[in-house]
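Heads up, the thing below is written out as structure tokens.
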Amino acid sequence: MEWFIWDCLIGFSKEKIKKQLLDGDLLSRGDAINNMEKYNLVTQKNNIIPNYEIDKKDITFEIYISPEKECCILGRLDNNYICWCSMTSIAQRETNVAIFNHLLKLNQKMISSEGYALGTRYHEVMGWHILRITKEVYENEYRYFSPASRTFFKINETNGGDFLSEEISRFYNFELAKCEYRLIDLSYKIILEKYKTLLTQKSDYGYYNEMKPIRAILENESYIKLSLNEGIRNLYLECIEECSNLYNRYMSAIH
């Protein structure tokens, strides 16, 4: 496997900002710097107090993408807590750039969970395709890692947003192409129907282990969540739900 390092040196340009404004992305650079918190769905109303130290944790990113290119950016602190949740679209490039740059220099953080922040949209958004930007050790230092370009990179609050926003577009385009090739004919619908039948065939908790291979296949094909075919997408999500049911039944039994 070949790895690449990207030291981001990209900043804002007047021409790029002007183009995005004309294209409908209404966030100016000054607005981005001074008023970013208005995009954050983590507010005083859903702020929670963690029961352990979390202030010094680095932010990683989870970007949920809908079939209609809506984009939910989460600034994650750990498995339980987030400090940022915003809803934009892939087309709002400069807004997304500004959000990432804001998060990279964020010091004081309000803390919540995605369930509280998203409210009634939580289950909808959790059904979207996800890009995770993690932080991992590379060459004896922590760097962000993007699976979209398979890149380890060093960034800061003045240049990282452009790279991260570009990663969203790169990820979406590649994953959508995989989805379209997978759905090149009607055979995948038949496969999903057979998977669902198998996943619901038995109710004993040990059946979870037997169905692990199907679960692994489905997880590797999560790009199906980008399909504009609602029937296929819902059938896929039903299979994922049945996998969760099997897992929960198994965990309840062994504990």
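Terminal number for the sequence shown in the working numbering: 255, no gaps in between. Ideal Cβ positions, reconstructed from N, Cα and C, are used throughout, including at glycine.
**Report entry** Other residues of its chain near ARG182: CB distance less than 8 Å, five sequence neighbours each side excluded
**Finding:** Taking the sequence shown and counting its residues from 1, the one referred to as residue 182 is at position 182. Closer than 8 Å at the Cβ level, and outside the excluded window around ARG182, lie TYR188, GLU221, TYR223 and ILE224.
Report task. Find the nearest neighbour of ILE54 within the set ALA177, LYS109 and ILE232, judged by alpha-carbon distance. Result -> For the purposes of this step, residue 54 is taken as residue 54 along the sequence shown, with counting starting at 1. Distances from the CA of ILE54 to each of ALA177, LYS109 and ILE232 were compared; the closest alpha carbon is that of LYS109.
Query raised in the report: Roughly how many whole angstroms lie between the Cα atoms of THR60 and HIS102?
Result: Numbered from 1 along the sequence shown, position 60 holds the residue referred to as residue 60. Numbered from 1 along the sequence shown, position 102 holds the residue referred to as residue 102. If I take the Cα positions, the gap works out to 13 Å.
Query - LEU22 in three-state terms, based on DSSP - result: Numbered from its first residue, the sequence shown carries residue 22 at position 22. Only weak support exists for where LEU22 lies, its pLDDT of 38 falling under 50; the value from the coordinates is given anyway. DSSP places LEU22 in helix when its eight states are reduced to three.
Query raised in the report: When you compare only the Cα positions, how much space is there between GLU114 and THR88?
Result: In the sequence shown, residue 114 corresponds to position 114, counting from 1. In the sequence shown, residue 88 corresponds to position 88, counting from 1. Looking at the two C-alpha atoms, the distance is approximately 16 Å.
Query raised in the report: Over what stretch of residues does the beta strand (DSSP E) that includes VAL125 continue unbroken?
Result: Position 125 of the sequence shown holds residue 125. Not the beta strand (DSSP E): VAL125 falls in the alpha helix (DSSP H), residues 122-126.
Query raised in the report: Of all the options GLU139, ASN209 and SER169, which has the alpha carbon lying nearest to the alpha carbon of PRO147?
Result: Along the sequence shown, read from residue 1 onward, the residue named residue 147 stands at position 147. Closest in C-alpha terms to PRO147, from the list GLU139, ASN209 and SER169, comes SER169.
Report task. For LEU218, collect the residues of the same chain with a Cβ closer than 8 Å to its Cβ; drop the 5 residues on either side in sequence, then sort them by chain order. Result -> Within the sequence shown, numbered from 1, the residue matching residue 218 stands at position 218. For LEU218, same chain residues with a beta-carbon under 8 Å away, outside a window of 5 residues either side, are TYR195, TYR236, CYS239, ILE240 and CYS243 in chain order.
**Report entry** DSSP-derived helix/strand/coil call for THR60
**Finding:** Position 60 of the sequence shown, counted from the first residue, corresponds to residue 60. If DSSP states are grouped into helix, strand and coil, THR60 belongs with the strands.
Query raised in the report: Which residue comes first and which comes last in the beta strand (DSSP E) that contains TYR138?
Result: Counting from 1 along the sequence shown, the entry for residue 138 is found at position 138. First-last of the beta strand (DSSP E) with TYR138: 129-138.
Report task. Answer yes if the stretch 114-131 comes into contact with the stretch 38-54, meaning at least three C-beta pairs across the two stretches below 8 Å, and no otherwise. Result -> Result yes; three or more Cβ-Cβ pairs closer than 8 Å.
Query raised in the report: Over what stretch of residues does the alpha helix (DSSP H) that includes TYR52 continue unbroken?
Result: Locating residue 52 in the sequence shown gives position 52, where the first residue counts as 1. No alpha helix (DSSP H) holds TYR52; DSSP gives it neither H nor E.
Query raised in the report: Among the residues of its own chain, which have a CB less than 8 Å from the CB of SER252, if the five just before and after it don't count?
Result: As a first step, residue 252 is located in the sequence shown; it is residue number 252 there, counting from the start. The answer, listed in chain order, is TYR205.
Query raised in the report: Would you report the Cα separation of LEU228 and ASN140, rounded to the nearest angstrom?
Result: Residue numbering aside, residue 228 sits at position 228 when the sequence shown is read from its first letter. Residue numbering aside, residue 140 sits at position 140 when the sequence shown is read from its first letter. Their Cα atoms are separated by approximately 43 Å.
Query raised in the report: Nearest-angstrom Cα distance between ILE99 and TYR52?
Result: What you label residue 99 is simply residue 99 of the sequence shown in a count that begins at 1. What you label residue 52 is simply residue 52 of the sequence shown in a count that begins at 1. Using only the alpha carbons, I get a separation of about 27 Å.
Query raised in the report: CA-CA distance, LEU22 and ILE90?
Result: The residue labelled residue 22 in the question sits at position 22 within the sequence shown. The residue labelled residue 90 in the question sits at position 90 within the sequence shown. Interpretation of LEU22 is limited by its pLDDT of 38, a score under 50 that renders its predicted location unreliable; the figure taken from the coordinates is listed afterwards. Their Cα atoms are separated by approximately 15 Å.
Query - LEU176 to HIS129 span [Cα, whole Å] - result: Indexing the sequence shown from 1 puts residue 176 at position 176. Indexing the sequence shown from 1 puts residue 129 at position 129. Linking LEU176 to HIS129 through their CA atoms gives a straight-line distance of about 10 Å.
Requested in this report: Would you identify the three-state DSSP class for ARG182, choosing helix, strand or coil?
Outcome: For the purposes of this step, residue 182 is taken as the residue at position 182 of the sequence shown. In this structure, ARG182 counts as helix in the three-state DSSP scheme.
Report task. Mind listing, in chain order, the continuous alpha helix (DSSP H) runs of no fewer than 4 residues lying wholly within the stretch 165-253? Result -> DSSP runs (the alpha helix (DSSP H)) wholly in the stretch 165-253: 187-199, 207-210 and 212-220.
Query - Where LEU77 falls: helix, strand or coil (DSSP) - result: Within the sequence shown, numbered from 1, the residue matching residue 77 stands at position 77. It is coil, neither helix nor strand.
**Report entry** Beta-carbon proximity check, ILE63 vs LEU131, cutoff 8 Å
**Finding:** The residue you call residue 63 lines up with position 63 of the sequence shown. The residue you call residue 131 lines up with position 131 of the sequence shown. Here ILE63 is near LEU131, since their CB atoms are less than 8 Å apart.
Query raised in the report: Count the other CB atoms within 10 Å of the CB of THR257; is the residue buried (16 or more) or exposed (fewer)?
Result: Outside the displayed span of the chain (1 to 255) sits residue 257, for which this structure offers no information.
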